[in-house]
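What follows is a short report on a single structure.
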Amino acid sequence: TIVKNQIYVKRLKIMKRIMFFAILAGSASAIIISSALAAGMQTVRKTNTKAPRLVLQITVDALRGDLPTRYYDRLGEKGFRYLWDSGTVFVNAHHGHANTETIVGHATLATGAHPSVHGMIGNIWFDRTLGRTVYNIEDDRYTLLTAGAGVDQDAEIDSTQKAAKSDGRSPAAIMVTTLSDELAIHTAGKAKIFAVSIKDRGAVSMAGHAGKAFWFSKASGEFVTSNYYYQSYPEWVRAWNATQPTAVYSGASWTLLDKQENYLFGDADDRPWETDLAGFGRMFPHPFGAADGKYFTTLLTLSPAGDQLTLSFAKTLIANEQLGKDDVPDYLGVSFSSTDYVGHIFGPSSLESEDNILHLDRTLADLFSYIDEHVGLENTLIVLSADHGSPEAPGYLNELGIEAGYVEPKSWDKQPALSALKKEFDIDKELIVGYDHPYVYLNRDTIEQNKLDLAQVEKAVAAQLIQFEGIAQAISSSALREGNLPDTPLIQSILNNFNPNRSGDIYIVFEPHWFIRDFDGLEVTSTHGSPWSYDTYVPIAFSGMNIPAQHVMRRVQTVDIAATLAAYLGIKPPSGSVGVPLMEVFSDSEY
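Sequential numbering from 46 applies to the sequence shown in the working numbering.
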């Protein structure tokens, strides 16, 4: 089988080169060769006759592409190293969209589509029909099964959820199918499909429309779900929650795994730009406080404890739902969130982030060991990636002589340039009514009342905004619709994020290393959400099922993951998928 695959891939390499020159020449033969490439891919797939019993899709929130190997000498053998040493790793992988936020990346990984197609253009957006900002997966038709488990406004640092007017959650806003949906369709609903995360949007997006999702409630300290998925909890969920899994952390602290002098950032604890949330502190040990403390469960998510809780629940799910126990492939999505929360509060180049990666390595090793015992790693297809990367803290960059800073969108409408523009348009009200990252929303009612041309106002405001400190690009939606913009990677990433029914009036791109800092009064250290490489750069690693051990240097995109999984499973790709199968996963090759 391996020899046959190598022969087929060599043929594909030759055909790809011919295809390249045929396209340059405008030859009709390009169509013929394209068909041959597709046939060649199918031939490679046919030689892999053994189907996985379990597809495990791991998403590590904010795992920038360099973070898994930054501390490689201190990782264990069975966590990240299991993937990096025994699997196919794409070391130059990027998201192709501009707004690198949590739901945007998760939905892209799940669907193989860009946000312009899957519709999740941001963690929040302004719904013009409802006349308010909405949270990406809110759905008032479906309530949580646990009363009082909705967002605790006082103890919630994840401020994007505050846009939600209901604690109901569903995948209805995802406009296309996911890989897990296609697996359900292909198997006549026999595949068991689940997803687990601390974040609701991390679980809901990976479970898709046909699966079942569970997430952590900071209000109740339990894993919960909505009645979109169940009318009542399975007994094993009740039993797990009844053990009060967070109680073990009461009165405890997050402490270092190793001696502080052994860390790369061992001499860099207690940085002045780090955020001290509710007494959690800027240096080790970080106390969680008592279980009845106002911020207790929130502080757990700001540490490796969040991932440990996710792991415990996922293992219980695997055992009780009997995943991977028959010949029908099952699917489990696990999204680990602590890396993201730690990065927001302390920055990725911090002692806290370093220790969190070492903890995460142990968490992954524990998960792989459990799956090996209950399913067999030889029967499990694993893919690990991230929803987005992670920017450095401006304070850290400033220390190294790199310019970085913060912007304040709330001040834009009061700037003299926009005041003059309002006078020119005879507008005596606010011209900018809101900023839901990354979009500026204009006062359309006033624009209509003054009988102004929306496209003209958009472009005029964009021309002023681009002159503000920290703004690199301000692109009007009318310009995106017209399609006369320069064909550059940056513009293409903005187009990949543009959905005319959900996107705002002007897309804002901050200068590299410039960020929004204020989230409802909480000053965080760093914030992702840009098209720059530190936010788009993520790992992609496939392992298990005799996938060859190799590191691939060519640039690939995250939309390719769903296409690769679909090809491996022999099912059709998700309905909005634009990715292509990563051929190296099927055979040991470089091309």
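Backbone N, C-alpha and C fix where the C-beta goes; we use that ideal spot for every residue, glycine too.
Residue i, DSSP secondary structure in three states
| i | result |
| --- | --- |
| residue 518 | strand |
| residue 241 | strand |
| residue 418 | helix |
| residue 579 | helix |
| residue 120 | coil |
| residue 586 | strand |
| residue 145 | coil |
| residue 553 | strand |
| residue 441 | helix |
| residue 182 | coil |
| residue 353 | helix |
| residue 249 | helix |
| residue 376 | strand |
| residue 172 | strand |
| residue 267 | strand |
| residue 205 | helix |
| residue 504 | helix |
| residue 381 | strand |
| residue 618 | coil |
| residue 217 | coil |
Sub-8 Å separation of residue i and residue j beta-carbons
| i | j | result |
| --- | --- | --- |
| residue 437 | residue 394 | yes |
| residue 156 | residue 611 | no |
| residue 521 | residue 481 | no |
| residue 193 | residue 277 | no |
| residue 163 | residue 100 | no |
| residue 432 | residue 223 | no |
| residue 630 | residue 137 | no |
| residue 336 | residue 287 | no |
| residue 483 | residue 552 | yes |
| residue 396 | residue 313 | yes |
| residue 144 | residue 166 | yes |
| residue 413 | residue 268 | no |
| residue 478 | residue 466 | no |
| residue 399 | residue 310 | yes |
Close beta carbons around residue i, own chain, < 7 Å, minus the five adjacent residues each side
| i | result |
| --- | --- |
| residue 120 | 126, 406 |
| residue 442 | 449, 558 |
| residue 529 | none |
| residue 307 | none |
| residue 570 | 318, 319, 320, 389, 390, 391, 392, 438 |
Straight-line Cα distance separating residue j from residue i
| i | j | result |
| --- | --- | --- |
| residue 258 | residue 249 | 5 Å |
| residue 279 | residue 341 | 27 Å |
| residue 175 | residue 622 | 29 Å |
| residue 577 | residue 434 | 10 Å |
| residue 369 | residue 555 | 45 Å |
| residue 207 | residue 471 | 34 Å |
| residue 195 | residue 599 | 44 Å |
| residue 134 | residue 583 | 11 Å |
| residue 219 | residue 152 | 8 Å |
| residue 527 | residue 502 | 15 Å |
| residue 560 | residue 232 | 45 Å |
| residue 325 | residue 390 | 10 Å |
| residue 290 | residue 360 | 13 Å |
| residue 541 | residue 605 | 15 Å |
| residue 574 | residue 580 | 7 Å |
Spatial neighbours of residue i in its chain, beta-carbon cut-off 6 Å, leaving aside the 5 residues before and after
| i | result |
| --- | --- |
| residue 365 | 281 |
| residue 209 | 180, 183 |
| residue 543 | 161, 525 |
| residue 211 | 183, 185 |
| residue 518 | 554 |
| residue 596 | 134, 136 |
Sequence-distant residues of the same chain with beta carbon closer than 8 Å to residue i, five excluded per side
| i | result |
| --- | --- |
| residue 382 | 106, 242, 243, 244, 247, 346, 351, 352, 355 |
| residue 229 | 236, 238, 253, 255, 256 |
| residue 321 | 327 |
Residue i beta carbon near the ligand NAD (any heavy atom closer than 7 Å)
| i | result |
| --- | --- |
| residue 546 | What this structure holds is no ligand at all, so the ligand NAD is not there to describe. |
contact_flag[the stretch 582 to 592, the stretch 422 to 434] where n(CB pairs < 8 Å) is 3 or more: As far as the Cβ criterion goes, the stretch 582 to 592 touches the stretch 422 to 434, which means the pair count is three or higher.
Does the stretch 126 to 144 come within contact of the stretch 450 to 462, defined as at least 3 CB pairs closer than 8 Å? no
Looking at C-beta atoms only, is the number of pairs between the stretch 183 to 197 and the stretch 270 to 277 that lie closer than 8 Å three or more? Yes, the stretch 183 to 197 is in contact with the stretch 270 to 277.
Counting beta carbon pairs with one atom in the stretch 506 to 513 and one in the stretch 529 to 549, are three or more of them shorter than 8 Å? Short answer: they don't touch.
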